[in-house]
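Per this note's numbering, the sequence shown starts with residue 5, numbered consecutively.
Each residue gets a CB set at the ideal place from its N, CA and C atoms; glycine is no exception.
Below you'll find the structure, written out as structure tokens, and then a few comments.
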Amino acid sequence: MKGKTNITPFEQSVIDFVVKLRNRKNLTQQDIATILHVERTFITSVESKNSRAKYNLNHLNMIADHFGMSPKDFLPEKPII
């Protein structure tokens, strides 16, 4: 199906958390890309509602390390189905 993203509500909640963190810290997509050693276009894709790109556990670990957080801080408290 065209336009279908395959991003689950759980994955979207993680993406939304990273976007909020990025905005709270006044960082650009390029700043997050630099932290993750990826291209800015990857971050743009992750943040796009029309893309299947998403952060993996290693990405979350790298972001958590950069900000002195735990990777579990990026996960919702309760299951999202």
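Runs of the alpha helix (DSSP H) spanning 4 or more residues and lying entirely within the region 11-79 occur at 13-28, 33-40, 44-51, 61-71, in chain order.
Cα atoms of ASN27 and ILE47: separation of roughly 13 Å, rounded to the nearest angstrom. Counting the other Cβ atoms within 10 Å of the Cβ of ILE84 gives fewer than 16, which makes it exposed.
By the Cβ neighbour-count rule, LEU61 is exposed, with fewer than 16 other Cβ atoms within 10 Å of its own.
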